[in-house]
Amino acid sequence: MSIDVYLDEIAQEAIVEIKNLHKALYGTELSVVDYVSHNCLSLEIEECDNLRLGMANYKQGNLELVLAFNENKTLKQNVARLFVLAIFKISPEIKDILPWGILTGIRPLKLYRKLTEAYKSQELAKKDLNEFYLLSDEKIRLLEEIYNMQAPILANYKNEKYISLYIGIPYCPTRCSYCTFPSFTVKHNEEVKRFTKALLRELRWILELIEEYSVKVAAIYIGGGTPSTLSASEIHEILNLLSKYINFEEVEVTFEAGRPDTITDKKLHVLNSYGVQRISINPQTFNNETLKRIGRHHTTADVIKAYELSKGMFKYVNMDFIIGLPGESIEDFQKTLAYANQLQPESITIHTLSIKTKAKIKDEITAANLKLLPVKDMIDYSKTWAQENDYKPYYIYRQKNIAGNFENIGYSKLGSHSIYNILIMEEAMSIIGVGCGAVSKLKEIDTGVIKRVANPVNPDYYVKNIDKIIQNKQNQIVNVLTKLC
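This is how it looks when you write it as structure tokens:
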């Protein structure tokens with residue numbers, strides 16, 4: 001059951017937050033009414049002796065709630081809190097559906113870090129997260145564990161001036177039904193060759209700037225798409241150019257091989273010959289029927305074969321899995337982790353399915369029926385399994401429309417974490433993106449403000465306009481590098 005909501009003119013400022021919280025609670029879009037009625041929840045704000053009061057009324061449920069707003073928090077945060085507390089009083093049983101309280105952003109750990117630094121105390125930060133932001137004790141403990149794990153790693157980059165580099169390859173053998181990333185199926189080899197030539201043009205430009213300004217590179221991530229869709233010779237060209245400017249022994253280099261049906265012995269040997277340390281092989285599930293259902297043309301056997309080919313060549317192998325795939329039961333997920341238990345990759349990422357408008361699967365799975373899946377049971381099982389197999393959580397992020405209003409967690413064996421994943425999720429430095437769909441996130445040293453500069457998604461447009469693309473972001477990239485040198 002959802003609920004109609006009336007927002008007065010001031011409360012309207014938080015309508016986006018209220019919409020997101022309503023969808024997390026009920027799995028449906030918010031119905032906003034323009035008048036107060038017996039069966040709607042009204043949120044109204046009044047000024048009283050320089051104090052701002054929030055009032056929630058729901059006549060049908062005999063609710064009258066008055067809160068003094070916290071002047072140290074934003075209006076949007078206060079209104080969101082008023083809404084959530086009102087819902088909890090109307091339907092106390094619904095509280096477990098919002099373990100992240102009023103948070104709707106994708107980086108909850110950034111808030112934990114910000115509060116800890118402001119209070120100079122983790123205990124006070126945790127108290128605030130619980131009492132004002134309404135996070136559950138379990139989520140606060142999770143953030144605390146990841147914060148403590150990341151602290152010494154981020155400290156290594158705090159006083160040094162680094163950037164990281166993302167290289168976007170837009171191609172995949174097929175498009176997965178849940179995917180919303182910029183990706184295109186390969187139709188002609190000539191098309192890929194033209195793209196690779198343009199990519200090398202942009203990459204060389206960036207590498208020359210990095211060398212000119214003597215900026216350090218912390219991590220390089222080659223992602224997409226599925227980078228292993230490229231041929232061995234095309235992968236060689238990219239790594240050969242990188243190796244002329246970057247010492248792979250001093251920089252973390254990750255290649256997201258991704259789909260096992262694109263991984264060959266020849267490609268792996270090219271990666272290994274250049275000293276790439278980390279690759280990712282992403283089964284998503286070890287259920288063959290589910291793989292067919294989501295449009296992945298490989299089998300469990302293909303994943304195991306790719307893993308066995310890779311294991312002796314790379315120090316770190318990551319695997320990604322998704323909770324909430326259509327038709328998957330808790331038993332299917334347990335079977336998937338049983339396979340992972342046999343393989344023991346150095347790190348795994350447990351994603352919770354997020355349905356977005358560009359995903360093919362959006363018509364058959366909605367936020368409402370996602371709530372019917374045993375997502376919480378799967379997440380609880382994954383956490384127990386990770387602990388029993390010596391995997392520790394090391395990074396976290398959330399997404400809009402994520403199943404069960406939960407999160408994505410990266411786990412690793414001791415010392416096997418991905419530095420790039422930590423840096424990008426915590427926005428610890430500028431990330432310069434090259435290639436199709438790559439987004440540069442340029443961080444101002446003085447203010448911490450991040451400016452996004454996005455490359456075009458379409459490969460054909462990217463190839464035809466590569467010089468213009470470089471020219472358009474030249475000044476912004478140079479401005480960041482100048483302040484770092």
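If you use UniProt numbering, the sequence shown corresponds to residues 1 to 485, in order.
We put the CB at the ideal spot given by N, CA and C, even for glycine.
All values derive from a computational prediction rather than experimental measurement.
Start and end residues, beta strand (DSSP E) containing Met-313:
To locate residue 313, count along the sequence shown from 1; it is residue 313. Here Met-313 belongs to no beta strand (DSSP E), and DSSP marks it neither H nor E.
Relative to the C-alpha of Ile-102, which candidate in Asp-261, Glu-46, Leu-135 and Glu-331 has its C-alpha closest?
Here residue 102 corresponds to residue number 102 of the sequence shown, with the count starting at 1. Checked all of Asp-261, Glu-46, Leu-135 and Glu-331; the closest Cα to Ile-102 is Leu-135.
Can the beta-carbon of Thr-336 be found closer than 8 Å to that of Asn-408?
In the sequence shown, counting from the first residue as 1, residue 336 sits at position 336. In the sequence shown, counting from the first residue as 1, residue 408 sits at position 408. No, the Cβ-Cβ distance between Thr-336 and Asn-408 is not below 8 Å.
With a threshold of 6 Å on Cβ separation, who are the neighbours of Ser-214 within its own chain once the five nearest residues in sequence on each side are excluded?
Here residue 214 refers to the residue found at position 214 of the sequence shown. Here the set comprises Cys-485.
Neighbourhood of Met-425 by C-beta distance below 6 Å, restricted to the same chain and skipping five residues each side
Stepping through the sequence shown from its first residue, residue 425 is reached at position 425. These residues qualify, in order along the chain: Tyr-395 and Tyr-397.
Excluding the 5 residues preceding and the 5 following Ile-470 in the sequence, name in chain order all residues of the same chain whose CB lies nearer than 7 Å to its CB.
For the purposes of this step, residue 470 is identified with residue 470 of the sequence shown, where counting begins at 1. These residues qualify, in order along the chain: Glu-202 and Trp-205.
With C-beta atoms as the reference, is Gln-284 less than 8 Å away from Asp-261?
On the sequence shown, position 284 is the one that residue 284 refers to. On the sequence shown, position 261 is the one that residue 261 refers to. Cβ atoms of Gln-284 and Asp-261: not closer than 8 Å.
Inter-residue spacing [alpha-carbon to alpha-carbon] between Glu-13 and Ala-198:
Numbered from 1 along the sequence shown, position 13 holds the residue referred to as residue 13. Numbered from 1 along the sequence shown, position 198 holds the residue referred to as residue 198. Going by the C-alpha atoms only, they are around 44 Å apart.
Uninterrupted alpha helix (DSSP H) stretches inside the segment 386-450 (no shorter than 4 residues)
419-425
How far does the alpha helix (DSSP H) with Arg-259 in it reach, from first residue to last?
Looking up residue 259 in the sequence shown gives position 259. Careful: Arg-259 lies outside any alpha helix (DSSP H) and carries neither H nor E.
Tell me the rounded alpha-carbon separation between Ser-273 and Thr-300.
As a position in the sequence shown, residue 273 is number 273, starting the count at 1. As a position in the sequence shown, residue 300 is number 300, starting the count at 1. Approximately 27 Å between the Cα atoms of the pair.
Does the Cβ of Ser-113 have 16 or more other Cβ atoms within 10 Å, making it buried, or fewer, making it exposed?
Here residue 113 refers to the residue found at position 113 when the sequence shown is read from its first residue. With the sequence shown as reference, residue 113 is identified as Arg, and Ser is not the correct amino acid for it. Arg-113 is buried by the Cβ-count criterion.
Determine the DSSP secondary structure at Gln-344, reduced to helix, strand or coil.
Taking the first residue of the sequence shown as 1, we reach residue 344 at position 344. If DSSP states are grouped into helix, strand and coil, Gln-344 belongs with coil.
Spatially closest choice to Asn-72 from Tyr-133, Leu-41, Val-36 and Glu-444, by CA coordinates:
Counted from its first residue, the sequence shown places residue 72 at position 72. When only C-alpha atoms are compared, the closest one is Tyr-133.
Sorted by chain position, which residues of the same chain lie with C-beta nearer than 8 Å to His-417's C-beta, five sequence neighbours on each side aside?
Within the sequence shown, the letter at position 417 stands for residue 417. Excluding sequence neighbours, His-417 sits near Met-149, Ile-153, Ser-347, Tyr-394, Tyr-395 and Gly-410.
Give me, in chain order, the residues of the same chain whose beta-carbon lies closer than 6 Å to that of Lys-161; leave out the 5 immediate sequence neighbours on both sides.
For the purposes of this step, residue 161 is taken as residue 161 along the sequence shown, with counting starting at 1. If we look at Lys-161 and ignore the five residues flanking it on each side, its Cβ neighbours are Leu-484.
Using 8 Å as the cut-off, can you tell me whether the segment 445-455 makes contact with the segment 218-226, which would need three or more C-beta pairs spanning the two stretches below that distance?
no
Residue environment, Gly-433, which counts as buried when at least 16 other CB atoms sit within 10 Å:
Counting from 1 along the sequence shown, the entry for residue 433 is found at position 433. The residue in question, Gly-433, is buried, as its Cβ has 16 or more Cβ neighbours within 10 Å.
To the nearest angstrom, report how far apart Leu-129 and His-22 are at their CA atoms.
As a working mapping, residue 129 is identified with position 129 in the sequence shown. As a working mapping, residue 22 is identified with position 22 in the sequence shown. So the two alpha carbons sit approximately 20 Å from each other.
Drop a sphere of 10 angstroms on the beta-carbon of Ala-386, count the other beta-carbons inside from all chains shown, and report buried for 16 or more, exposed for fewer.
The residue given as residue 386 occupies position 386 in the sequence shown. Label assigned to Ala-386: buried.
Are the Cβ atoms of Leu-53 and Phe-69 separated by less than 8 Å?
If you number the sequence shown from 1, residue 53 lands on position 53. If you number the sequence shown from 1, residue 69 lands on position 69. The answer is yes: Cβ separation under 8 Å.
Inter-residue Cα distance where the pair is Thr-28 and Asp-96:
By one-based count along the sequence shown, residue 28 stands at place 28. By one-based count along the sequence shown, residue 96 stands at place 96. If you take the alpha carbons of Thr-28 and Asp-96, they lie about 17 Å apart.
With a Cβ-Cβ cutoff of 8 Å, do Tyr-391 and Lys-413 count as a contact?
For the purposes of this step, residue 391 is identified with residue 391 of the sequence shown, where counting begins at 1. For the purposes of this step, residue 413 is identified with residue 413 of the sequence shown, where counting begins at 1. In contact: Tyr-391 and Lys-413 (Cβ atoms closer than 8 Å).
Between the C-alpha atoms of Asn-472 and Lys-443, what's the straight-line distance to the nearest angstrom?
Position 472 of the sequence shown, counted from the start, is the residue given in the question as residue 472. Position 443 of the sequence shown, counted from the start, is the residue given in the question as residue 443. About 18 Å.
What is the DSSP secondary structure of Leu-89, reduced to helix, strand or coil?
Reading the sequence shown from its first residue, position 89 is the one you call residue 89. According to the sequence provided, residue 89 is Lys. The question's Leu does not apply to it. Correct three-state label for Lys-89: helix.
With distance defined between alpha-carbon atoms, name the residue in Ile-10, Glu-17, Lys-59 and Leu-325 nearest to Glu-46.
On the sequence shown, position 46 is the one that residue 46 refers to. Checking every option, the nearest Cα to that of Glu-46 belongs to Ile-10.
Ordered along the chain, which non-local residues of its own chain (more than five positions away) have a Cβ less than 7 Å from that of Ala-368?
Along the sequence shown, one-based indexing puts residue 368 at 368. Note on Ala-368: pLDDT 45, under 50, position unreliable in the model; no value is reported.
Is Val-457 closer than 8 Å to Gly-437 when the C-beta atoms are compared?
Taking the sequence shown and counting its residues from 1, one reaches residue 437 at position 437. Taking the sequence shown and counting its residues from 1, one reaches residue 457 at position 457. Yes.
CB contact flag (Leu-343, Tyr-316, <8 Å):
Taking the first residue of the sequence shown as position 1, residue 343 is located at position 343. Taking the first residue of the sequence shown as position 1, residue 316 is located at position 316. The answer is no: Cβ separation not under 8 Å.
Specify the secondary structure class of Leu-41 as computed by DSSP and reduced to three states.
Indexing the sequence shown from 1 puts residue 41 at position 41. Three-state result, Leu-41: strand.
What first and last residue would you give for the alpha helix (DSSP H) that runs through Asn-130?
Translated into the one-based positions of the sequence shown, residue 130 becomes position 130. Segment 122-131, the alpha helix (DSSP H) holding Asn-130.
For Lys-73, which of helix, strand or coil comes out of DSSP?
Position 73 of the sequence shown holds residue 73. If DSSP states are grouped into helix, strand and coil, Lys-73 belongs with coil.
In the DSSP assignment, the beta strand (DSSP E) including Glu-64 goes from what residue to what residue?
Taking the first residue of the sequence shown as 1, we reach residue 64 at position 64. Looking at the DSSP string, the run of the beta strand (DSSP E) that includes Glu-64 is 63-68.
Just to confirm, are Arg-278 and Glu-250 a CB contact at a threshold of 8 Å?
Taking the first residue of the sequence shown as position 1, residue 278 is located at position 278. Taking the first residue of the sequence shown as position 1, residue 250 is located at position 250. No. Outside cutoff.
What residue from Pro-170, Pro-345, Ala-80 and Gly-258 has the CA that sits closest to Gly-415's CA?
Start at 1 with the first residue of the sequence shown, and residue 415 comes out as number 415. Cα-wise, what sits closest to Gly-415 is Pro-345.
Any idea what DSSP makes of Ile-15, helix, strand or coil?
For this step, residue 15 is matched to residue 15 along the sequence shown. Reduced to three states, the DSSP call for Ile-15 is helix.
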